[in-house]
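Have a look at the structure below, then the notes.
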Amino acid sequence: MTDSPAAARASAPADFPTFRLLAATAISTVVLLIVATMVKVGAELDPATYQAVVLGLAAASVGHALGIFAGAFLATTQRGVDALMTVYLASTVVRFLGTPLLALSLYFALPVKAQPLLIGAATGYLLILVADIATMFKSMQGRASASIPSKA
Numbered sequence: 018m019t020d021s022p023a024a025a026r027a028s029a030p031a032d033f034p035t036f037r038l039l040a041a042t043a044i045s046t047v048v049l050l051i052v053a054t055m056v057k058v059g060a061e062l063d064p065a066t067y068q069a070v071v072l073g074l075a076a077a078s079v080g081h082a083l084g085i086f087a088g089a090f091l092a093t094t095q096r097g098v099d100a101l102m103t104v105y106l107a108s109t110v111v112r113f114l115g116t117p118l119l120a121l122s123l124y125f126a127l128p129v130k131a132q133p134l135l136i137g138a139a140t141g142y143l144l145i146l147v148a149d150i151a152t153m154f155k156s157m158q159g160r161a162s163a164s165i166p167s168k169a
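In the working numbering, the protein residues as written are 18 to 169.
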């Protein structure tokens, strides 16, 4: 019985970049919070509008974090070549469902304006998703280049 590198990769658990995704989410959240604060100061938004935007951004950030943790959990259970993409798709579904659910929960739990909350959640979701996609793409490139045998 030979253990080839391809067989080892096929039986290894999915290598989900949890820390890098959390870092990308945190950095994106901070940047979006700074932009929201600059818009508040520049456009002289009232505090209730700013609060709703920040709560929407918080809903998007927490939704993404929940998706990342779900992906990290699923990565330990999935094996095979396509496992990483399957895990990432599942974590994206959690993010996609979690963000509006959290925003809706905040809307009904707190007295906030609906439109700024929606704008904050949607903007946060989309921009954090772009950062996550870039992080996953970079991770997949690194994985692909590591799996190509070098000619020696």
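Glycine included, each C-beta is placed from N, C-alpha and C at the ideal position.
Residues in its own chain within less than 7 Å of residue i by CB, not counting five upstream and five downstream?
{"i": "A76", "result": "T116, L119, A120, L123, A138"}
{"i": "T109", "result": "G84"}
{"i": "Q158", "result": "none"}
One question on the structure: do residue i and residue j come within less than 9 Å of each other, judged by their Cβ atoms?
{"i": "L72", "j": "T46", "result": "no"}
{"i": "M153", "j": "L38", "result": "yes"}
{"i": "V104", "j": "F36", "result": "no"}
{"i": "A65", "j": "V111", "result": "no"}
Leaving aside the five residues before and after residue i along the sequence, list all residues of the same chain whose C-beta is less than 8 Å from its C-beta, in chain order.
{"i": "Q107", "result": "Residue identity check: residue 107 is Ala in the sequence provided, not Gln. Hits under 8 Å: A87, G88, L91."}
{"i": "M18", "result": "Any reading at M18 must be qualified, since the residue scores a pLDDT of 48, below 50, and its modelled position is unreliable; no value is offered."}
Out of curiosity, what's the CA-to-CA distance linking residue i and residue j?
{"i": "M102", "j": "S156", "result": "11 Å"}
{"i": "K57", "j": "G141", "result": "16 Å"}
{"i": "L127", "j": "A40", "result": "29 Å"}
For the structure I just gave you, are there three or more beta carbon pairs, one from the segment 142–161 and one from the segment 33–46, closer than 8 Å?
Look at the beta carbons and you see the segment 142–161 touching the segment 33–46: at least three pairs across the two are nearer than 8 Å.
Spell out a yes or no on whether the segment 62–69 and the segment 125–133 are touching, meaning 3 or more CB-CB pairs, one atom from each, closer than 8 Å.
yes
Could you give the uninterrupted runs of the alpha helix (DSSP H) lying entirely in the segment 28–72, keeping only those of 4 residues or more?
35–60
Uninterrupted alpha helix (DSSP H) stretches inside the segment 62–134 (no shorter than 4 residues):
64–92, 100–126
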